[in-house]
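Here the sequence shown is numbered in my numbering, starting from 5 and rising by one per residue.
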Amino acid sequence: MLPLPIDPHLPAIVAAVRARRAAVVTAEPGAGKTTRVPRALLDASDGGGSILVLEPRRIAARLSAERVASELGVPIGREVGYVTRFERAVSDATRLTFVTEGILARRLLSDPTLRGTTTVVLDEFHERHVASDVGLAVLRRLQRTARPDLQLVVMSATLDADPVARFLDAPVVASEGRTFEVAIDHAPSVDDRPLESRVSSALFDLLARGLDGHVLVFLPGAREIRACIDTAQRLAQKHDVELLPLHGSLPVREQNRALLPSNRRKVIFATNVAETSVTIDGIAAVVDSGLANVASCSPWTGLPSLKLSKISRASATQRAGRAGRTRAGVAIRLYTKGDFQSRAAFEAPEIARVDLCEPVLELVAQGVADPASFEWFDPPPPQALEGALSLLQMLGAVERKQAEAPATSLSITATGKRMLDFPVHPRQGRIVVEAERRGVSFDGCAMAAVVGERPPMTGAPSAHRVSDRSDLFPLMDELDRLGERWQGPARVREQLRRIARDRTERPPTPKAFEDALLLSVLAGYPDRIGRRRRADARAGRRSDEVLFAAGGTALLADTSCVRESELIVAVDVEDRVEGARQRTVVRVASEAQPDWLLDLFIDDIVDEEVVSIAPGAAGKVEAMRVMRLGNLVLDERRGPVTDAAKAAQVLARAVKAKGLPLETKEALERLAVRIELARTRDPSFGDVPFDPEDEGSMIEQACHGRSSVQEVLETAFAEELEHQLKPDQQRLLRTLTPERIELPSGRALRIKYAKGAAPSVASRLQDFFGMATSPTILGGAQPLLLELLAPNQRAVQLTTDLSGFWARHYPTIAKELRRKYPRHAWPDDPTTAEPPVPKRR
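Laid out in structure tokens, this is it:
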């Protein structure tokens, strides 16, 4: 057996796992960790239990299992096997199984304690897929609870090992990798040519050097691989090299052509499946585009998607290392050294950028009632977690444990459990579950499979069914036509059909059948319901603008076949930049009907009275009975106002917007101050039905029972509100804070009550003749502020102490007043003098 750099470290790894139940292994590409570490753990297990090895890709799981089986000299599927989404090679004798991430997640759902499994190895953890992050956290939780004997090993080629080691409380074992030098060539400057042209130039340079080994070209995806192979055909003929693709969607036979040894020189055009876990012998050079299709999610469909991104420095190092596996090599980077140095050191965790519905649903299914408090390895963004929980509740997959329980106390529903039976995104799972209930699961599986997909350009399309009801119907027809040539959806469709079972009879008519399918789509997209605006109400024509129940707008694409339906489900939406404008366009839509919303979302539909002010000078209150789903109005009809409180609020807003007359505002202020003074003097006064400190509250209270803005403005506000007080409160108010005082002359003065000022009265000085002391309020506790006026109505004194004024200031002031106003009486003793008699009007 060929010795590998990891071999001397295997005893230390086995010892660490036995002693600490966990270990972190770091080793450069080509060290052999993927195949040798699991085998060493298997050899040390004394024949008890099985080992699971988690791989990030199907091709890596298959090739790693085949390599270990070959080294052991046993057929694949016996002692060593693999299980991926669409393939399995295992038996009852299998003790070492390589699996993809989704397989581990489903095994944890069906067997939460992993009975019979002694060790789980998480390989290539540096890629930080959300499934491996969540899987690590779930396994650590299991190790701390029901399975303290479970052994965990995390392996990576380029990884900051310390955070993982702390999380697992595990030692780190490091190993060297390649032993041959790799020369790195960077692009001298930025090259704006198409990617395929730059790749061909790099290949021409390598082949012109007389390179005698294979070349590995790293590209983002299958589309770029096809373009580069097409462009390099003449170069291949000239140098007699074979051009081969390598990516996860290829059949196994075609993958093996790229991977197996060959005497002919090969140029292998690969995605990042060749970056880790997959070793290709004889690679002498690497061409690195510096790009990868990184897992993300569509913000509209909520389904997984790929985003073209720059790779990290760690990933670039991984790629270059493939050229030094068995010989000295060269790596040509199609980007500058400055570009390389400016890139992130490591890949950002997927958990920070992908949809979390699927892992969150799996966590709730495993009894995690509050995913926010779950002990994540790396916590997801709170808004992403909240969005996932909200959608899962809308899908009917999770619910509160009790009606009064907090939103964080969740449990999985029967619908959610059935959704998990289907290895697809929860939206697609919900489509199939609804299709089962309606007797259309066979076609429902096809519909779920094409959601979010675009067919490959393969020949002329066949005639599709004529339908203006859903853009998914032509896609389903195209899937039927292409079959395995549209491999991804075709395999998903068949896998779903093997699981699905109709729960009722098939609908009896073609229209009922289509209705059932479209209802299933609606069930999977409850947050994507929209209504098209009317472009011309008289013609009944509808515009392409869509208003969504959840808020926001979009345009229905010209290519959509859904032209007649008022309500639509936006299945696939994209943001398009057209010049300086960005538009949101519904690319794939399906019909919806109002009664379908009542069928599926009855608990979310609100039936409410909407009160408003009718146009016109009077400003009358009117009411509409409105049935709505979110922002979407399903039905509205005029009716009588039944919600008096809401009518008062609407009237109050309208009155405030129009503005109160100054006299009314002053009257309200007087009443507010009087109430506050009385309440301060006598705590038994108690609460009143409005807030005296808030003019708006007083206006709203006065609006009760009124039917128009005009009627409110014509109301004597202060009197109205005072009459709404309890009888004892009215009596106390009149006693403690009277509106007027009577002078010795019989003249009554209105007391001025204003915020921030002492209660006061103003009148001619002579009117107070015969009054020895200041008048008071609050049962004698507070004297009024007196504004004493001369005959010309100008103030000569402000005082709250009338007796003091008579004694100290009046003699001097009277002397001056006698000089200015000799016709008026200015007696020497004002306290006993007769005041002037008020003039009759």
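Each residue gets a CB set at the ideal place from its N, CA and C atoms; glycine is no exception.
Quick caveat, the model's predicted, so the values are computed rather than measured.
Distance CB(residue i)-CB(residue j) smaller than 9 angstroms
{"i": "Leu-172", "j": "Arg-151", "result": "no"}
{"i": "Val-577", "j": "Val-590", "result": "yes"}
{"i": "Ile-572", "j": "Ala-593", "result": "yes"}
{"i": "Ala-299", "j": "His-133", "result": "yes"}
{"i": "Arg-683", "j": "Gly-783", "result": "no"}
{"i": "Glu-570", "j": "Arg-473", "result": "no"}
{"i": "Arg-537", "j": "Ser-445", "result": "no"}
{"i": "Val-290", "j": "Ala-327", "result": "yes"}
{"i": "Gly-760", "j": "Ala-837", "result": "no"}
{"i": "Val-614", "j": "Gly-528", "result": "no"}
{"i": "Leu-584", "j": "Ala-574", "result": "The sequence given here has Ala at residue 584, not Leu. Against a cut-off of 9 angstroms, the Cβ pair of Ala-574 and Ala-584 comes out as no contact."}
{"i": "Arg-632", "j": "Gly-643", "result": "no"}
{"i": "Pro-224", "j": "Leu-312", "result": "yes"}
{"i": "Asp-562", "j": "Asp-579", "result": "no"}
{"i": "Asp-137", "j": "Pro-353", "result": "yes"}
{"i": "Arg-110", "j": "Ala-93", "result": "no"}
Pairwise C-alpha distance: residue j and residue i
{"i": "Ser-764", "j": "Pro-826", "result": "29 angstroms"}
{"i": "Val-78", "j": "Ala-226", "result": "34 angstroms"}
{"i": "Pro-840", "j": "Gly-663", "result": "42 angstroms"}
{"i": "Gln-491", "j": "Ser-253", "result": "8 angstroms"}
{"i": "Glu-185", "j": "Arg-323", "result": "14 angstroms"}
{"i": "Thr-283", "j": "Val-177", "result": "22 angstroms"}
{"i": "Asp-647", "j": "Glu-704", "result": "14 angstroms"}
{"i": "Val-645", "j": "Ser-616", "result": "10 angstroms"}
{"i": "Ile-10", "j": "Ala-161", "result": "12 angstroms"}
{"i": "Asp-506", "j": "Val-437", "result": "9 angstroms"}
{"i": "Leu-486", "j": "Leu-264", "result": "30 angstroms"}
{"i": "Pro-748", "j": "Thr-741", "result": "20 angstroms"}
{"i": "Gly-371", "j": "Pro-116", "result": "10 angstroms"}
{"i": "Gln-597", "j": "Gly-53", "result": "55 angstroms"}
{"i": "Ala-20", "j": "Lys-37", "result": "15 angstroms"}
{"i": "Ser-266", "j": "Asp-244", "result": "13 angstroms"}
{"i": "Ala-135", "j": "Leu-156", "result": "16 angstroms"}
{"i": "Pro-198", "j": "Gly-81", "result": "44 angstroms"}
{"i": "Leu-806", "j": "Ala-618", "result": "56 angstroms"}
{"i": "Ala-516", "j": "Arg-404", "result": "34 angstroms"}
{"i": "Ala-174", "j": "Met-5", "result": "30 angstroms"}
Same chain only: Cβ atoms within 6 angstroms of residue i, ignoring 5 sequence neighbours per side
{"i": "Leu-414", "result": "Val-368, Ala-373, Val-402"}
{"i": "Val-158", "result": "Val-28, Leu-126, Phe-129, Val-168"}
{"i": "Ala-622", "result": "Ser-712, Gln-714"}
{"i": "Val-231", "result": "According to the sequence provided, residue 231 is Ala. The question's Val does not apply to it. Contacts found: Glu-200."}
{"i": "Val-84", "result": "Ala-69, Val-72, Ala-73, Leu-100"}
{"i": "Pro-459", "result": "Glu-482, Trp-490"}
{"i": "Asn-635", "result": "Ala-553, Gly-555"}
{"i": "Leu-211", "result": "His-243"}
{"i": "Ser-466", "result": "Here Ser-466 scores only 49 on pLDDT, less than 50, and its place in the model should not be relied on; the value that follows carries that caveat. Only Arg-485 meet the Cβ criterion."}
Selected residue, minimal CA-CA separation from residue i, among the options
{"i": "Lys-341", "options": "Arg-404, Leu-782, Leu-8, Pro-192", "result": "Pro-192"}
{"i": "Ser-471", "options": "Ser-564, Arg-489, Gly-391, Glu-498", "result": "Ser-564"}
{"i": "Val-87", "options": "Glu-75, Ser-74, Gly-106", "result": "Gly-106"}
{"i": "Gln-259", "options": "Ile-755, Ala-64, Gly-85, Glu-379", "result": "Ala-64"}
{"i": "Ala-278", "options": "Arg-268, Arg-269, Pro-249", "result": "Pro-249"}
{"i": "Gln-733", "options": "Ala-418, Ile-679, Glu-697", "result": "Ile-679"}
{"i": "Pro-851", "options": "Gly-808, Arg-768, Phe-773, Thr-30", "result": "The question about residue 851 has no answer here: the residues shown for the chain are numbered 5 through 845."}
{"i": "Asp-47", "options": "Arg-62, Thr-30, Leu-76", "result": "Leu-76"}
{"i": "Pro-834", "options": "Ala-811, Leu-312, Arg-823, Cys-707", "result": "Ala-811"}
{"i": "Thr-417", "options": "His-429, Gly-400, Asp-425, Arg-431", "result": "Gly-400"}
{"i": "Ala-206", "options": "Ile-336, Phe-222, Ser-179", "result": "Ile-336"}
{"i": "Ser-204", "options": "Ala-187, Glu-228, Ile-188", "result": "Glu-228"}
Own chain residues within Cβ distance below 7 angstroms of residue i, not counting five before or after
{"i": "Arg-744", "result": "Ala-752, Leu-753, Arg-754, Ile-755"}
{"i": "Ile-233", "result": "Leu-247, Pro-249, Phe-273"}
{"i": "Asp-531", "result": "Leu-395, Met-398, Ala-554"}
Cβ shell of residue i (< 8 angstroms), same chain only, five flanking positions each side left out
{"i": "Ala-288", "result": "Leu-215, Asp-216, Gly-217, His-218, Val-219, Ala-327, Arg-331, Gly-333, Val-334"}
{"i": "Leu-154", "result": "Arg-25, Leu-118, Thr-121, Thr-122, Thr-123, Val-124, Leu-143, Leu-146, Gln-147"}
For the stretch 30 to 46 and the stretch 82 to 100, state whether three or more C-beta atom pairs, one from each stretch, are separated by less than 8 angstroms. yes
Given 8 angstroms as the limit, is there contact between the stretch 448 to 460 and the stretch 470 to 484, that is, 3 or more CB pairs closer than that? yes
Check whether the stretch 189 to 203 touches the stretch 53 to 61, counting contact only when three or more Cβ pairs, one atom from each stretch, lie closer than 8 angstroms. no
Please confirm if the stretch 666 to 675 is in contact with the stretch 718 to 725, defined as three or more CB-CB distances below 8 angstroms between the two stretches. yes
Determine, using beta-carbon pairs with one atom in the stretch 341 to 351 and one in the stretch 373 to 393, whether at least three such pairs fall under 8 angstroms. no
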